[in-house]
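Some notes on the structure that comes next.
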Amino acid sequence: MMGVIMSDFEELLHTKVNECEDIIIGFLPEETGYQSKVIEAMNYSVKVGGKRLRPMLMREFYRLLGGDNDQLIAPFMAAMEMIHTYSLVHDDLPAMDNDEYRRGKKTTHVVYGPGMATLAGDGLLNYAFETALKAYPYAKNLEKVGGEIEDRFIYALNILATKAGIYGMVGGQCADIEGEGKQTLTEDEILFIHENKTAALIESSMMIGAVLAGADQKAIESIKKIGSNVGIAFQIQDDILDVVGDQAVIGKPVGSDEKNEKVTYVTLHGLDNSRKEVERRSNEAVELVKSLGEDNEFLVELIEYLISRNK
């Protein structure tokens, strides 16, 4: 049987995913001590795999804007993936979406039980900040950034914390749960959920890369808009795949939105209009990326790839 032929972009993407994978795995805690079971569950959750989109975007924006110290950006990359993974572990719990598969493998609560899975999520969230702090020795000589927080390392930590919390992802998840079972949701409510539950960590990843690379406030704000557009488009595409996707390809059950009585952008606008909105936001993000600098070919292709994905 002949192997699948990959394009140059797909080969480069595969290489970059593997690089991110090695970085992330390298920061995972050792499974020792009386707490070894929760660490094992944490590591299982991360090692299940994934697109590694957020740490990849963080490093790509870091490099695009002139960053060249992997020891500075790597702990933040790993921290971001730990935060993303904790959110998935908690999302899959019986009290939330009650999903049994994630990325084609049994979810953490199925393997370790709901109690240990809850602790694994808690552990990943806390360990993310322990990991990010490992970048501090390499951040001492960064130039100040204008604004309320001048220290770039503290600024990056603040973005990481805020975008993961009640004014970011957790706030979006709250609105998402509140929306379950409602017969109608406004477009504003749905976009708030998408902006915070999904886009917040994508924005955070891009912004942290920019901040640590030495970007000015104007560039950081532009990158925040890119992250918002990519994140919302990514989530609408996710909602589309929940309707028309193939579980064998996606690696998780389809139809969960309908099962959980969730009103989504697709519910509100239909498949055709949802696809058009994904394209509109993606095109806007691409134009903003192109305005940042010349070495942006991979980022442009990555955004375009994300809108056409089938998993």
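Residue numbers for the sequence shown follow our numbering, so the first one is 1 and each next one is one higher. A virtual CB, placed ideally from N, CA and C, is assigned to each residue, including glycine. Note that the structure is a prediction, hence the values are computed from the model and not measured.
Neighbourhood of L88 by C-beta, 7 Å cutoff - its chain only, sequence neighbours within 5 removed = R102
Is the beta carbon of V145 sitting closer than 8 Å to the one on Y136?
-> no
Sequence-distant residues of the same chain with beta carbon closer than 7 Å to H109, five excluded per side = D92, L93, P94, A117
CA-CA distance, G147 and D216?
-> So the two alpha carbons sit approximately 10 Å from each other.
Assuming V230 contacts I159 (C-beta within less than 8 Å), just tell me the rounded distance between them.
-> Actually they are not in contact, since the Cβ atoms of V230 and I159 sit about 16 Å apart, beyond 8 Å.
Mark K252 as exposed unless 16 or more other C-beta atoms lie within 10 angstroms of its C-beta, in which case mark it buried.
-> Here K252 scores only 48 on pLDDT, less than 50, and its place in the model should not be relied on; the value that follows carries that caveat. Buried.
From K111 to T85, what distance separates their C-alpha atoms?
-> Looking at the sequence provided, one finds Val at residue 111 rather than Lys. Approximately 16 Å between the Cα atoms of the pair.
Can you tell me the Cα-Cα spacing of A175 and D97, whole angstroms?
-> Rounded to whole angstroms, the separation of the alpha carbons of D97 and A175 is 14 Å.
Verify whether the separation of the beta carbon atoms of E31 and N43 is less than 8 Å.
-> Their beta carbons are under 8 Å apart, which means E31 touches N43 by this criterion.
Using the rule of at least 16 other Cβ atoms within 10 Å of the residue's Cβ for burial, across every protein chain shown, is E81 buried or exposed?
-> With 16 or more Cβ atoms within 10 Å of its Cβ, E81 is classed as buried.
Of the residues I190, D239, I303, E10, which one's Cα is nearest the Cα of G227?
-> I303
Tell me whether the beta-carbon of T184 lies closer than 8 Å to the beta-carbon of V263.
-> yes
Determine, using beta-carbon pairs with one atom in the stretch 164-181 and one in the stretch 229-244, whether at least three such pairs fall under 8 Å.
-> no
In its own chain, which residues sit with a C-beta less than 7 Å from the C-beta of G203, not counting the 5 before and 5 after it?
-> Checking the sequence, you will find Glu at residue 203 rather than Gly. Once the five neighbours on either side are set aside, the close Cβ partners of E203 are K163, K224, G227, S228, G231.
Once you ignore the five residues that flank Y305 on each side, which residues in its own chain have a CB closer than 6 Å to its CB?
-> Correct list: empty, nothing qualifies.
Got a sec? Which residues, its chain only, sit under 8 Å from M1 by beta carbon, not counting five neighbours each side?
-> No answer about M1 holds up, because its pLDDT of 38 lies below 50 and its placement is not dependable.
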